[in-house]
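Quick note: the sequence shown uses UniProt numbering, first residue 1, plus one each step. Every residue gets a Cβ at the ideal spot worked out from N, C-alpha and C, and that includes glycine. Presented below is the structure to which this report refers.
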Amino acid sequence: MVPITTIVITGGLALAVIGPVTRHLGDLLTQGIVMIYDAAPAVGALLFGSLYAPLVITGMHHMFIAVDLQLITQNGGTFIWPMIALSNIAQGSAALAMFWVAKNANEKSMASTSALSAYFGITEPAMFGVNLRHKFPFYAAITGSALAAIFVSLNGVLAPAIGVGGLPAFISIMVQHIPMFLVGMAIVLIVPFLLTVLLHNISKKRAQKSQA
Numbered sequence: 001m002v003p004i005t006t007i008v009i010t011g012g013l014a015l016a017v018i019g020p021v022t023r024h025l026g027d028l029l030t031q032g033i034v035m036i037y038d039a040a041p042a043v044g045a046l047l048f049g050s051l052y053a054p055l056v057i058t059g060m061h062h063m064f065i066a067v068d069l070q071l072i073t074q075n076g077g078t079f080i081w082p083m084i085a086l087s088n089i090a091q092g093s094a095a096l097a098m099f100w101v102a103k104n105a106n107e108k109s110m111a112s113t114s115a116l117s118a119y120f121g122i123t124e125p126a127m128f129g130v131n132l133r134h135k136f137p138f139y140a141a142i143t144g145s146a147l148a149a150i151f152v153s154l155n156g157v158l159a160p161a162i163g164v165g166g167l168p169a170f171i172s173i174m175v176q177h178i179p180m181f182l183v184g185m186a187i188v189l190i191v192p193f194l195l196t197v198l199l200h201n202i203s204k205k206r207a208q209k210s211q212a
């Protein structure tokens, strides 16, 4: 009785309460970010680049697909999709850095496969299996994502369609904006990787000092 009762109660709450409430909050959050982006692109990009990965944890990131499609219909392009793709790449780069510094074979295997997955748009393995577990790789990824989001926003990078949210994402970018998007990709490939390695070394030194 316990499993079925649990499923019925939590399922009912999810459909009747949690789903509608989080959807409404998601709509408000999306509208707020778009308004801030219209008023101050750098600030809006900073917020989006910083908040997108945490929203993936809650599952609320799916709401941006509708916003992307609306922006494409109204303006011929969306500024959100390029930042989503860059955020995914950033999570992959942080996981790849953990593969570089890890000593345990299992951790190396998890980090390498999840990094590859994130580079092709599926970030959950990297986030839940590696980055959030160690914390600092997640923060490093958010930092790189925010910096890249600001860069592409200030350069007016737009996507006329949505596609794979990782390394192949440049295919979905307007041709004239691809060079600036590639620079944004370089940022999320390099910054999260180096920052993760740096934070790992700092954490390791502190652990050694505490044991001494």
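In terms of CA proximity to W100, L195 leads the group L195, P160 and I4.
Secondary structure in the stretch 11-96: the alpha helix (DSSP H) runs of 4 residues or longer, each lying completely within the stretch, are 19-39, 41-58 and 63-75 in chain order. Taking each of I4, M127 and Y37 in turn and checking the Cα distance to A90, the smallest one comes out for M127. A direct Cα-Cα distance of roughly 24 angstroms separates F64 from G129. By the neighbour-count criterion, in which 16 or more other beta carbons inside 10 Å mark a residue as buried, P192 falls on the buried side. In the DSSP annotation of this structure, the continuous segment of the alpha helix (DSSP H) that includes Q208 starts and ends at I178 to Q211. A Cβ-Cβ distance of about 16 angstroms is found for the pair I57 and L47, leaving them out of contact under the 8 angstroms criterion.
With 16 or more other CB atoms across the displayed protein chains lying within 10 angstroms of its CB, D68 is buried. In the three-state DSSP reduction, A159 falls in the strand class (E or B). When the beta-carbon positions are compared, L86 and A149 come within less than 8 angstroms of each other.
Distance from the CA of I18 to the CA of L158, rounded to the nearest whole angstrom, comes to 33 angstroms. The Cβ-Cβ distance between A95 and S114 falls below 8 angstroms. Per DSSP, reduced to three states, the secondary structure at K135 is coil, with no helix or strand assignment. For A146, the closest alpha carbon among the candidates L189, A111 and A102 is that of L189.
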